[in-house]
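Take a look at the structure set out below.
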Amino acid sequence: MNGDRVLGSDGKTPDPDKRKTVTVSGIKADEITDSERYAGFTRESVTYNGDTEVSGTVNDPWSKRTATQHKSYADTEAYYVRTAATHTRTNITSKLTPFDRVHTVKTAYDDYGMAETVEDQGDDAVTGDEKCTRTWYARNDDKGINSLVSRTRTVAKPCGTADSALDLPADSKRAGDVISDTATVYDDSSATAWSASQKPTKGEATWKGRAKGYGSDDAPTWQKVSGTTYDALGRPKTVTDTNDLVTSSTTYAPPDAGPLTSTVTEDAKHFKVTAALDFATSATLKATEPNNKVTESEYDSLGRITKLWLPNRSKVLGKTQNYVYDYHVTVANPAGRPTDLPDALRRARPRGQSAVRHLGQHLIAQLPGGGDLARRPRRRTRRTTGRPGRRRP
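Going by numbering that gives the first Met the number 0, 230 is the number at position 231 of the sequence shown; the sequence numbering is gapless.
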């Protein structure tokens, strides 16, 4: 690898500041200087139909050194490694002379190795099909907060276009240049606009808005979309709309410290939904709708649902449950997830059972309405059967 040392002027001892350089090239990729930090980086990939190229992709690397340790035997360095540009080519054969249509996407990164601009240049051979997405971040290194997105702007223009040069129509009669421009303010309940210099302390999104225009100084004007308040534990309490009207409010029990046992959520029409929760897992044990319809559940020790009572069968009145869930996991057999019904309902709807692999995909399903489904090992459906003239539930 090209990280090998270069001998100094005496021809014997390595020069600590010099490294060998090696250039690499691909099938159609330009030649670049290799580096040990790019080990495993895919430079070029090509798809063939026989011996004819169909498409290919060239990736340009980007890196930034983040740390260095000086050892007696070597210098150890750490880097961010990202993809700076992707050039995807497709061989077009509809013309008299085949040619490659190249689509380029370039990404610029900040000092944290996070994407700052993503410029989709579309077809490299034409202009006017560019798209740029720029991202701003709200950071506070003292609090270890550095990945919160505070603004995302997507425009149908190159990334070098200033805000003041963007066309943002006041109505929908014209498309304009701006696809979207949304912003978030953190930890400031009194905010009325977005600020690029905000410094979050908790990361609670208190204000969200969208751009409605741009001034000659490239400063956007904002329209509030929503606002959120939080309790002392960082849980959302109220959500307001663009007119500062409450659209949702939530109360918690207990209101302060302690395992959460219930929530009451109220919408703009003051309709309430109450949820009784398992204090250990936060699973919903009982949900009461605004019309007093009740749904209840029971769970096993792993937090998986085992019994379910829908509003048409009351658990309090001693009715049997609508659904019973049983789980079987063994070394020899895939995870089975049979679903059973109480005796009183079996005549109306027979039992259904499915075998599920470890990735959650159904291998075999016995359908209550008759028929089955089976999959091949590579996830393709091998067989699906059903009773003629019957619609599956």
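Idealized CB from N, CA, C, for every residue including glycine.
This structure is a prediction, so every number in the text was calculated from the model and none was measured.
Residue 396: buried (16+ other C-beta within 10 angstroms of its C-beta) or exposed?
The requested residue 396 is not part of the displayed model; the chain covers only 0 to 392.
Let me know the beta strand (DSSP E) ranges lying completely inside the segment 43–94, each 3 residues or longer, listed in chain order.
Runs of the beta strand (DSSP E) inside the segment 43–94: 43–48, 51–69 and 74–91.
Quick one: is residue 179 buried, meaning 16 or more other Cβ sit within 10 Å of its Cβ, or exposed?
Mapped onto the sequence shown, residue 179 falls at position 180. Burial call: exposed.
Give me the Cβ distance between residue 104 and residue 123, rounded to the nearest whole Å; I'm assuming they're in contact under 8 Å.
Within the sequence shown, residue 104 is the residue found at index 105, counting from 1. Within the sequence shown, residue 123 is the residue found at index 124, counting from 1. So it is not a contact: roughly 11 Å between Cβ atoms.
Measuring CB atoms only, is the segment 205–223 touching the segment 180–189, in the sense that at least three cross pairs come out at less than 8 Å?
Yes, the segment 205–223 is in contact with the segment 180–189.
List the endpoints of the continuous beta strand (DSSP E) containing residue 26.
One-based indexing of the sequence shown puts residue 26 at position 27. Per DSSP, residue 26 belongs to no beta strand (DSSP E) and is neither H nor E.
Run through DSSP, which three-state label would residue 163 get?
On the sequence shown, residue 163 is found 164 positions in, with the first residue counted as 1. Helix.
Which runs of the beta strand (DSSP E) at least 3 residues long sit entirely within the segment 140–200? Give them in chain order.
Listed in chain order, the complete beta strand (DSSP E) runs (minimum 3 residues) inside the segment 140–200 are 144–154 and 177–185.
For residue 37, name the three-state secondary structure that DSSP assigns.
For this step, residue 37 is matched to residue 38 along the sequence shown. DSSP places residue 37 in helix when its eight states are reduced to three.
If you check the beta carbons only, do residue 266 and residue 246 fall under 8 Å apart?
The residue labelled residue 266 in the question sits at position 267 within the sequence shown. The residue labelled residue 246 in the question sits at position 247 within the sequence shown. Against a cut-off of 8 Å, the Cβ pair of residue 246 and residue 266 comes out as a contact.
Determine the DSSP secondary structure at residue 219, reduced to helix, strand or coil.
To locate residue 219, count along the sequence shown from 1; it is residue 220. In this structure, residue 219 counts as strand in the three-state DSSP scheme.
Is residue 6 close to chain C? Criterion is C-beta to C-beta, closer than 8 Å.
No chain C is part of this structure, which consists of one protein chain only.
When we look at the beta-carbon of residue 190 and count the other beta-carbons within 10 Å, is it buried (16 or more) or exposed?
Residue numbering aside, residue 190 sits at position 191 when the sequence shown is read from its first letter. Label assigned to residue 190: buried.
For the beta strand (DSSP E) that residue 121 lies in, which residues bound it at each end?
Here residue 121 corresponds to residue number 122 of the sequence shown, with the count starting at 1. Here the beta strand (DSSP E) through residue 121 covers 114–122.
Please identify the residue among 95, 89 and 207 whose C-alpha is closest to the C-alpha of residue 150.
By one-based count along the sequence shown, residue 150 stands at place 151. Cα-wise, what sits closest to residue 150 is 207.
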